[in-house]
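In full-length UniProt numbering, the protein residues as written are 1 to 360.
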């Protein structure tokens, strides 16, 4: 086996992926400007992913590529195409539906594992894990809440993916159809109230197609009125092709507002999944709750374990999601030593007694 290539290996997600993999694999790690200390297992290369020849040369030296190099909306396609020339699997923590559409023409030239991060990624794995534990699934409900100042690339990705869409806002799934519901729900996490609304994601769509529940909701927490307004303005500016400088100015304003509104509180991330169904003629509500300080911690874990899954058994060429190939049982076993708090519960539903009319 050649090296595992980590593009953007000094960023928030990349450096964590390196730490998780460096004891098991030989790594080729790219950095943009500041070279990190060299270790026995890691080779570092300064690389600009916009230089095609250098990117292809990097890919040619690797057996697997992990894309942690900035906003996936901007560079995910070029990295996937460079790796495809050598039929090298690509793991993209942030790649979503937009990337799936862009690389459809090279789908049969390599393995592409998208949505292998925090959300989507860990969220899909948890839903799948709970669904697999039941014989039939009636209802799926999930939500994620983030309280941290996002990185520049994360904000850029969020703005740009919203121009392409990664789901259907204010909609949920019921009996094979999407239904609109603008009614918010409220949750208190870490003594702070959050307002959440329906968002039917592509990840949830894949799950409903497989497990066919009667109903499925995914809720996301709004950023607040001021930040949401800035995000919407940035999306409009990008759509009007006002240029990268205008986009960077929008990102600067959004980061400042994040710092003003949440910078004084401790960072945390929370995922809650709830699946209702039956097993052995008994009703169950099974839940999963995940707490972590930083979303990049979870993103790096899912990306790293996706690499491990690819090393053990490479799937057929095509487009996959992390939940298609990662065994969550292995991840669960290792989570305590990775400082991620996961709680799984199982509530058994009492059977309702039924009587014929007029009888006791």
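Note that CB positions come from ideal geometry on N, CA and C, so glycine has one too. Please read these numbers as outputs of a predicted model, since none were measured by experiment.
| Query | Result |
| --- | --- |
| Three-pair Cβ contact test at 8 angstroms for the stretch 165-181 versus the stretch 244-263 | no |
| DSSP-derived helix/strand/coil call for residue 201 | strand |
| Status (buried if at least 16 other CB within 10 Å, exposed otherwise) for residue 245 | exposed |
| Residues that DSSP places opposite residue 136 in a beta bridge | 278 |
| Among 150, 328 and 183, nearest to residue 259 - alpha-carbon criterion | 150 |
| Beta strand (DSSP E) segments (min. 3 residues) lying fully within the stretch 220-304 | 268-279 and 282-292 |
| Beta-carbon contacts of residue 18 that lie in its chain and below 8 angstroms, excluding the five residues immediately before and after | 6, 9, 27, 29 and 42 |
| Counterpart residues of residue 344 in DSSP-defined beta bridges | 288 |
| Integer-rounded CB distance, given that residue 13 should sit under 8 angstroms from residue 89 | That pair is no contact at about 18 angstroms. |
| Endpoints, beta strand (DSSP E) assigned at residue 7 | 3-7 |
| Outcome for residue 324 when other beta-carbon atoms lying within 10 angstroms are tallied against a minimum of 16 | buried |
| Whole-angstrom distance between residue 242 and residue 331, CA atom to CA atom | 43 angstroms |
| Unbroken beta strand (DSSP E) run spanning residue 331, endpoints | First-last for residue 331: 328-334, but that is the alpha helix (DSSP H), not the beta strand (DSSP E). |
| Residue interval of the beta strand (DSSP E) (run including residue 42) | 42-46 |
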